[in-house]
Each structure stands twice: as structure tokens, then as C-alpha cells.
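First the structure, in the form of C-alpha cells, and then the observations on it.
In UniProt numbering, the protein residues as written are 1 to 288.
Rendered as C-alpha cells:
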């Protein structure tokens, strides 16, 4: 049976997230984590469903994509389907044809697992490469040290503070308390924690959200940020160490994160928190 593309809708989000959860494993190049869908849920259930695409064969989901912006598809496949020729061909066709409802006309981008045969299919269809990313990983087999600052789990009563630090950390961030509540209302937030770090005066200075994929599987940091006026004091390292500790307590086997390679400060921060750099990856780019 041929691989088919679908939009799962709100009712199908659990199946897509369940597939992503099952695909998280040590030693497997990752591209999309259930936490990525959980973080996108800040825009609401309908918007999240509209951004998700799945590819299935014989009733089994083989690939999941998230439109993280109108021209960027973040995509991964089942590990045992990474070298599946028919899947690679269908994915390349669907990503290259605006009529399929995945990516629009004009310049578009795709993030694809490093070991996927899809890279060859995209190259054959005229796709080039674009931005470099640096994945980082921290093993959680051993206990994580004290972060050295006060860190609290942000619940509903902290939504305003959590959102304010997010906006202070990222240019053009639109995160609000209402969006925090929308994210926290999603089923994936059951396996997530928002953390807030405070300085010696009690002011909130850094935030992170961590997403578990279940015991024994890699957990994700998405996002982590330090308020602009508090940078340069080690708070990024501190909140990252706290994030690793939270994931370990949730049973994660490792903590993973990815950042643009050009963001050398972020790479340095994660390394200072015990994360090890993994081989770089590159976005794929389609030009008109």
C-alpha cells in the first residue's frame, strides 16, 4: 500500500505525539520531539492540529511533520523507516509540490533527520542546504549537581512571570500568560515542567521548559532563555543544569537540545552545563 499524507486534526494529535514518543531513543538521530508539539500548543489545539502532518502506510504512522512557521517543516520518521525508498520518494514529492498542502510556493525549508534517505531524494529534486544546527546532549545516568541558584517549578500562579521572562529573553516573542495556559492545558504538558530561576534578590532571571518522552527516553529542553538584562552572570548555565535535573527526576535517559551553530553563546552555555556537542546538521532549502 502506498504511503499517504494526512492532516490528523485535533483528534489525531495524540496519535502523532504517541508516534514521536515511541521514536525517541538513544543513539538515533532525532529531529522532532513530542515536546516540540507540546510547545507549539501555546497557540491552541486548532492551530497545532493545522500545523501537523502525518504520513502513514497500512495504518501505521511512518513520518510526522510540524509546520513551525509557514515555510519551515520540521520532520522526522520512524527510525526503521529512515532508509525506506518509497517513503523518501513520497515525502520529497509532497514537500516539493505546493498543491499537496505541506509547504507553499517559493522558498521553503525542511529539517530532516541526518540519517534519512529523504536527503538524497530532496537533493535529486533540487533542494540545497541552509542553516547549520548544533545538537547537544547530556547523559542523565548520574545525578545532576545543584544549579547554584533558586529554581522553582512554574505553575498557573507563575504564568505571568514565566511569560514575562520569555519575552525578555527572545526578540519578538509573543508569549503571554494566556498562551502559557493554552500550552499547559494540552495533554503533552502532563510530561513537562516549566522552571524559573531567580537571582539573590528574588527576581526572575531565566526560564526553561522541559519535555519528557517517557522513562528511559531522551527529554527535550524547549525553550531556554535568560532575560537580556541578566545575561553574563551564569544564569543560563544554572537553569540548564536545573532542566537536566528535572528531566532526570522524570525518568529521562538524557537531555537534548538543538541551537543554531551561529549562536556560539548558546552552544557555550549548554556545554558549560555538561552537554556534549553532537555532529552538526543542516536545514534543507528549496528555492523557486
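From the three backbone atoms N, C-alpha and C, an ideal C-beta is built for every residue, glycine too. A quick note: this is a predicted structure, and the numbers were derived from the prediction, not measured.
A distance below 8 Å separates the beta carbons of residue 41 and residue 183. Across the set 21, 206, 37, the C-alpha of 206 shows the shortest separation from the C-alpha of residue 236.
Taking 8 Å as the cut-off, the Cβ atoms of residue 33 and residue 266 do not count as close. The residue from 6, 2, 11 with its alpha-carbon nearest to that of residue 186 is 11.
Distance between residue 122 and residue 92, taken at the CA atoms: about 6 Å.
As computed with DSSP, residue 155 is found in no beta bridge at all.
CA-CA distance, residue 126 to residue 286, rounds to 7 Å.
Within the UniProt domain "N-acetyltransferase" (149-288), the beta strand (DSSP E) runs of at least 3 residues that lie entirely inside it are, in chain order, 150-153, 192-198, 204-211, 218-226, 254-260, 281-286. Counting along the chain, residue 130 sits inside the beta strand (DSSP E) bounded by residues 128-139. Here residue 42 carries a helix assignment [DSSP, helix/strand/coil]. In the three-state reduction of the DSSP assignment, residue 26 falls in the coil class. DSSP places residue 106 in no alpha helix (DSSP H); its state is neither H nor E. Per the coordinates, the alpha-carbon of residue 46 lies some 22 Å from the alpha-carbon of residue 159.
In the assembly as shown, residue 24 is a buried residue. Its beta-carbon has 16 or more other beta-carbons within 10 Å.
Leaving aside the five residues that flank residue 107 on each side, the residues in its chain whose CB is nearer than 6 Å to its CB run, in chain order, 287.
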